[in-house]
Amino acid sequence: LNYSNSLALSLGNLFCGVLVDIDHLFEYFKFRLYNLKPKAVLWAFFEADFKKIYLFLHSIELVILFWMIMIFFRNNMLLLGVAIGYTQHLILDNLNNKVISPFSYFLGYKVYHNFNPDKLFDKVKLKKMYEKIKKEGVL
């Protein structure tokens with residue numbers, strides 16, 4: 001907030017940076033998993049055998065679209081915050097979620113691979129990450 005002095009930019013960044021993960025709920029509920037306790041959700045994403053993972057909001061194409069929109073709304077601090085938050089979220093996800101390819105967060109790449117999680121994420125590395133989280137007692 002101090003850098004931009006814009007509450008709108010800060011809120012857009014915060015909310016979009018967090019709310020982009022709402023597409024995970026689609027995956028979760030698709031498998032009739034309704035327990036929203038953090039341990040249950042974490043278990044589902046590391047242990048459940050998802051045949052397809054869509055995550056439509058986790059798409060580099062949408063990042064590009066947000067920044068193209070910003071060309072026309074340069075002075076809109078809320079939209080700038082949304083674009084920054086969304087971009088930050090996907091960069092961090094791409095760095096931390098053990099992707100197989102740097103293209104794993106492109107919707108076109110996911111479509112090409114029929115949303116097959118084995119073509120998008122390294123399950124062995126994800127499993128190690130999950131075991132570390134459990135061991136550390138984070139959840």
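Okay, so the sequence shown: first residue is 1 according to this note's numbering, each after it adds one.
Cβ atoms here follow ideal geometry from the backbone N, Cα and C, with glycine treated the same way.
Can you give me the C-alpha to C-alpha distance between residue i and residue j, rounded to a whole angstrom?
{"i": "TYR112", "j": "ILE53", "result": "13 Å"}
{"i": "GLY108", "j": "ASN96", "result": "21 Å"}
{"i": "ILE84", "j": "ASN5", "result": "15 Å"}
{"i": "LEU14", "j": "LYS119", "result": "31 Å"}
{"i": "LEU80", "j": "LEU9", "result": "6 Å"}
{"i": "VAL41", "j": "GLU136", "result": "17 Å"}
{"i": "LYS134", "j": "LYS128", "result": "10 Å"}
{"i": "LEU55", "j": "LYS30", "result": "12 Å"}
{"i": "PHE50", "j": "LEU25", "result": "13 Å"}
{"i": "LYS132", "j": "LYS37", "result": "19 Å"}
{"i": "GLY17", "j": "ILE64", "result": "15 Å"}
Using beta-carbon positions only, say whether residue i and residue j come within less than 8 Å of one another.
{"i": "VAL57", "j": "ASP23", "result": "With the sequence shown as reference, residue 57 is identified as Leu, and Val is not the correct amino acid for it. The answer is yes: Cβ separation under 8 Å."}
{"i": "LEU62", "j": "GLY12", "result": "no"}
{"i": "TYR105", "j": "VAL20", "result": "no"}
{"i": "LEU90", "j": "ILE69", "result": "no"}
So for residue i, helix, strand or coil by DSSP?
{"i": "PHE31", "result": "coil"}
{"i": "PHE26", "result": "helix"}
{"i": "PHE15", "result": "helix"}
Since residue i and residue j are thought to touch, with beta carbons under 8 Å apart, how far apart are those beta carbons, to the nearest angstrom?
{"i": "ALA44", "j": "TYR34", "result": "The pair is not a contact, with the Cβ atoms about 10 Å apart (cut-off 8 Å)."}
{"i": "VAL99", "j": "PHE115", "result": "The pair is not a contact, with the Cβ atoms about 14 Å apart (cut-off 8 Å)."}
{"i": "VAL82", "j": "PHE72", "result": "With 8 Å as the limit, VAL82 and PHE72 do not qualify as a contact, their Cβ atoms being about 14 Å apart."}
Return the chain-ordered ranges of every alpha helix (DSSP H) run that is complete within the stretch 57-119 and spans a minimum of 4 residues. 60-72, 77-96 and 107-112
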